[in-house]
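Undergrad:
Protein chains in written order, with the numbering used here: chain H, 5 to 178; chain E, 22 to 482.
(1) What is the rounded straight-line gap between the Cα of residue 305(E) and the Cα of residue 289(E)?
(2) Please report how far the alpha carbon of residue 121(E) lies from the alpha carbon of residue 31(H), in whole angstroms.
(3) For a test of the three-state rule: what should DSSP assign to residue 330(E), helix, strand or coil?
(4) How about the stretch 55-68 of chain E and the stretch 154-162 of chain H: do they share at least three Cβ pairs that are nearer than 8 Å?
(5) Taking the continuous alpha helix (DSSP H) assigned at residue 104(H), which residues delimit it?
(6) Hey, quick one: how far does the beta strand (DSSP E) through residue 310(E) stretch, first residue to last?
(7) Three-state secondary structure (DSSP) at residue 81(E)?
(8) Skipping 5 residues on each side, what residues in its chain have a beta carbon closer than 7 Å to that of residue 75(H)?
(9) CA-CA distance, residue 101(E) and residue 36(H)?
(10) Which chain E residues sit within Cβ distance under 7 Å of residue 153(H)?
(11) Please say whether residue 332(E) and residue 345(E) have beta carbons closer to each other than 7 Å?
(12) Note down, in chain order, every chain E residue with its Cβ under 7 Å from the Cβ of residue 138(H).
(13) Three-state secondary structure (DSSP) at residue 45(H)?
(14) Can you name the residues of chain H whose CB is closer than 9 Å to the CB of residue 61(E)?
(15) Within 10 angstroms of its Cβ, does residue 145(H) collect 16 or more other Cβ (buried), or is it exposed?
(16) Would residue 112(H) pass as an interface residue toward chain E - the criterion being a Cβ-Cβ separation below 7 Å?
(17) Verify the CB distance criterion: does residue 38(E) have a CB-CB separation below 7 Å to chain H?
(18) What is the C-beta distance between residue 163(E) and residue 180(E), in whole angstroms, given that I count them as a contact (C-beta under 8 Å)?
(19) The alpha helix (DSSP H) spanning residue 123(H) covers which residue range?
(20) How long is the line joining the alpha carbons of residue 36(E) and residue 29(H), rounded to whole angstroms?
(21) Quick one: list the residues of chain E neighbouring residue 135(H), beta-carbon separation under 9 Å, in chain order.
(22) Skipping 5 residues on each side, what residues in its chain have a beta carbon closer than 8 Å to that of residue 21(E)?
(23) Any idea what DSSP makes of residue 339(E), helix, strand or coil?
(24) Taking only three categories from DSSP, how would you classify residue 196(E)?
(25) Ordered along the chain, which non-local residues of its own chain (more than five positions away) have a Cβ less than 8 Å from that of residue 166(H)?
(26) Which residues in chain H sit within 9 Å of residue 54(E), going by Cβ to Cβ distance?
(27) Give the interface partners of residue 79(H) over in chain E, defined as CB-CB distance under 8 Å, in chain order.
(28) Shorter than 7 Å from the beta carbon of residue 75(H) to some beta carbon of chain B?
(29) In the DSSP assignment, find the beta strand (DSSP E) that holds residue 22(H) and state where it starts and stops.
(30) Would you mind stating whether residue 206(E) and residue 239(E) have Cβ atoms separated by less than 7 Å?
(31) With 16 other CB atoms within 10 Å as the buried threshold, where does residue 21(E) fall?
(32) Return the bridge partner residues of residue 163(H) from the DSSP annotation.
(33) So is residue 158(E) buried or exposed if we call it buried at 16+ other beta carbons inside 10 Å?
(34) Residue 108(E) to residue 256(E), Cα distance in whole Å?
(35) Would you say residue 58(E) faces chain H, with C-beta separation under 7 Å as the test?
(36) Please list the partners that residue 118(H) has in chain E, where partner means a Cβ-to-Cβ separation under 8 Å.
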């Protein structure tokens, strides 16, 4: 999936677009990166977002948008390369390392990110975050899920009922 | 469905995500993980039990059809394969599950070995052939490892499993039957809800608990049919005497439609005709009825001639009102006959009159794509309770709801590789109402929690 990084090989002529977050912060970014969003891609193809206009994104705040763009900028070269047949193992490993670190963040940011990825239709980011959130639940006991996701502890009565239920449907909880 | 924000308090930030986003996350979890998430707090429990449609949201039409099971590698009795199989101590060549495009995210989206869902460390399911499926339970004929595997006739052993719950069951040898000396005909997967007349039982998770297997087999000439019953609790087979016997001058009986029985009102039913070429009407139709028994009981078996003649591809099913119906094809029309209710009910199945209840023209849009495809090669499958038929045509899967929509819908194409090998044509549709199942399992807990909270509220007041 990855391609050689073009961070330093920027040809300077790349088209830029401006995105405006819900709290009115302006982000200037390469059209190629913003086009990772299926939603933005159409607008950009239509010539939108250039010059002083900017594309307003009323559902995404600036903290989330900067994070989203960090992802897009990193992934844009690989995406532009399509199937990336000449991607080396090193590039792929680098992108994987980036992804792993990228989602190593506070839960509330994860939830904002997946919402933004969903609204902006950024397939890769959406599945990256979904995988991270799923991993926080996968293979855990209800108590561990509560701890990980920060749910409050149940009342003793709730706990007793739950234990009885899990005994009754043991197969589901083995 | 939307819980008030205050109720989300115990559910964490994850609960703030809209359902469509939650589904994206849930599609990466096994059903067991969802169970465990559901019992973390009242809010999550309510999400899963309040609206069983929630989990169905990702599915399209034909939500009950989750996919198909098939065996890609058929076991051939050659020395090499026998030796390999004897040596195998791990899972290999288990049946493959191919999900429907709209299948539940928990089972999709790509094809997987059955052993992804059900553990099979000893390789009991190696080379297993899927035979039938009902309420999420898959029935397979296993290839037992025995020293006399060189013999042409092999003993018969069945495996049953539920890919959703990971439950598995392997039967002991079916004594006295060797394959292919006696061919296996019809199968009935019986669940705990089938032998009960209690409505609460029927509409409960008990319908997913395997209790009994009924198998019919026939000899090479099709003159003698035998019925066997297996009880899951006692792990014993009951062999019944020959239930049907045709004289040599008579036309042998032939099982029609699905080999999975219609299990209905305490009995399993299969449809038979006495004509080998179903294209030569009039053909008489018969139902073979085997009572579903309690532990150790010997099911009563009877054959009844129906007051109908068969068209092409006759097919037995239970309609939405729970009555036996036969659908058959006349040209591009599907004719449905339904057994009428009898006063008093119970037992007197055979005497009930049959009426033609539906005549459905297969709309032209399907056949036009393949001029004769629909009529040339197809298999019909029943969905329990849904009365939905799946039509096969070289891999294309069509759905025709005989009860509701008078429309044929194309659901998907099965990969051609399934049909490239003659021996691999045995494709078993897998159906289960997952959301309903899920809600049943959690429903009782929710009811208890709810009651407790009401009690607490009352206490406070």
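Beta carbons: idealized from backbone N, C-alpha and C, even for Gly. This structure is a prediction, so every number in the text was calculated from the model and none was measured.
TA: So, from the listed chains and residues:
(1) Walking along the second chain from the start, residue 305(E) turns up at place 284. Walking along the second chain from the start, residue 289(E) turns up at place 268. Approximately 20 Å, taken between the alpha carbons.
(2) Taking the second chain and counting its residues from 1, one reaches residue 121(E) at position 100. Taking the first chain and counting its residues from 1, one reaches residue 31(H) at position 27. The straight-line gap from Cα to Cα measures roughly 42 Å.
(3) Taking the second chain and counting its residues from 1, one reaches residue 330(E) at position 309. Looking at residue 330(E) - three-state DSSP - the assignment turns out to be strand.
(4) Of all C-beta pairs linking the stretch 55-68 of chain E to the stretch 154-162 of chain H, three or more are shorter than 8 Å, placing the two stretches in contact.
(5) In the first chain, the residue the question calls residue 104(H) occupies position 100. Residues 93-106.
(6) Position 289 of the second chain, counting from 1, holds the residue named residue 310(E). Residues 304-312.
(7) Looking up residue 81(E) in the second chain gives position 60. Below a pLDDT of 50, predicted positions are generally treated as unreliable, and residue 81(E), at 37, falls in that range; the measurement from the model is reported next regardless. The answer is coil: DSSP assigns residue 81(E) none of H, G, I, E or B.
(8) Along the first chain, read from residue 1 onward, the residue named residue 75(H) stands at position 71. Non-local C-beta neighbours of residue 75(H) in its own chain, meaning closer than 7 Å and more than five positions away in sequence, comprise 106, 129, ordered along the chain.
(9) Translated into the one-based positions of the second chain, residue 101(E) becomes position 80. Translated into the one-based positions of the first chain, residue 36(H) becomes position 32. Cα to Cα, the separation comes out at about 56 Å.
(10) On the first chain, position 149 is the one that residue 153(H) refers to. In chain order: 33, 35.
(11) Position 324 of the second chain, counted from the start, is the residue given in the question as residue 345(E). Position 311 of the second chain, counted from the start, is the residue given in the question as residue 332(E). Cβ distance not < 7 Å, so residue 345(E) and residue 332(E) don't count as in contact.
(12) Locating residue 138(H) in the first chain gives position 134, counting from the first residue. Result: 46, 49, 50.
(13) Residue 45(H) sits at position 41 when you count from the first residue of the first chain. Residue 45(H): helix per DSSP, three-state reduction.
(14) Against the second chain, residue 61(E) aligns to sequence position 40. The CB of residue 61(E) comes closer than 9 Å to the CB of 146, 147, 149, 150, 153, 155, 158, 166 in chain H, given here in chain order.
(15) As a first step, residue 145(H) is located in the first chain; it is residue number 141 there, counting from the start. Exposed: under 16 other Cβ atoms inside 10 Å.
(16) Within the first chain, residue 112(H) is the residue found at index 108, counting from 1. Yes, residue 112(H) lies at the interface with chain E (some Cβ there is under 7 Å from its Cβ).
(17) Along the second chain, one-based indexing puts residue 38(E) at 17. It does: the Cβ of residue 38(E) has a partner Cβ on chain H nearer than 7 Å.
(18) Along the second chain, one-based indexing puts residue 163(E) at 142. Along the second chain, one-based indexing puts residue 180(E) at 159. The Cβ separation is near 5 Å, so the contact holds.
(19) The residue given as residue 123(H) occupies position 119 in the first chain. From DSSP, the alpha helix (DSSP H) with residue 123(H) extends over 111-124.
(20) Indexing the second chain from 1 puts residue 36(E) at position 15. Indexing the first chain from 1 puts residue 29(H) at position 25. Between the C-alpha atoms of residue 36(E) and residue 29(H) there is a straight-line separation of about 28 Å.
(21) In the first chain, residue 135(H) corresponds to position 131, counting from 1. Within chain E, the residues placing a beta-carbon under 9 Å from that of residue 135(H) are 46, 49, ordered along the chain.
(22) Any property of residue 21(E) remains undetermined from this structure, which presents chain E solely from 22 to 482.
(23) Taking the first residue of the second chain as position 1, residue 339(E) is located at position 318. Residue state, collapsed to three classes: strand.
(24) Within the second chain, residue 196(E) is the residue found at index 175, counting from 1. Coil.
(25) Against the first chain, residue 166(H) aligns to sequence position 162. So the qualifying residues of the chain are 146, 158.
(26) Residue numbering aside, residue 54(E) sits at position 33 when the second chain is read from its first letter. The contacting residues are 138, 141, 142, 143, 144, 149.
(27) Within the first chain, numbered from 1, the residue matching residue 79(H) stands at position 75. Ordered by position in chain E, no residue passes the 8 Å Cβ test against residue 79(H), which lies about 18 Å from the chain.
(28) Here chain B cannot be found, since the structure's protein chains are H and E.
(29) The residue you call residue 22(H) lines up with position 18 of the first chain. Where residue 22(H) is concerned, the enclosing beta strand (DSSP E) stretches over 20-24.
(30) The sequence position of residue 206(E) within the second chain is 185, counting from 1. The sequence position of residue 239(E) within the second chain is 218, counting from 1. Cβ distance < 7 Å, so residue 206(E) and residue 239(E) count as in contact.
(31) Residue 21(E) lies beyond the residue range present for chain E, which begins at 22 and ends at 482; the question has no answer from this structure.
(32) Along the first chain, read from residue 1 onward, the residue named residue 163(H) stands at position 159. Paired residue(s): none; residue 163(H) is not in a bridge.
(33) Taking the first residue of the second chain as position 1, residue 158(E) is located at position 137. It counts as buried.
(34) Taking the second chain and counting its residues from 1, one reaches residue 108(E) at position 87. Taking the second chain and counting its residues from 1, one reaches residue 256(E) at position 235. Taking the straight line joining both Cα atoms gives about 27 Å.
(35) The residue labelled residue 58(E) in the question sits at position 37 within the second chain. Cβ-Cβ to chain H under 7 Å: yes for residue 58(E).
(36) The count along the first chain starts at 1 and reaches residue 118(H) at position 114. Residues of chain E passing the Cβ test: 38, 42, 45, 46.
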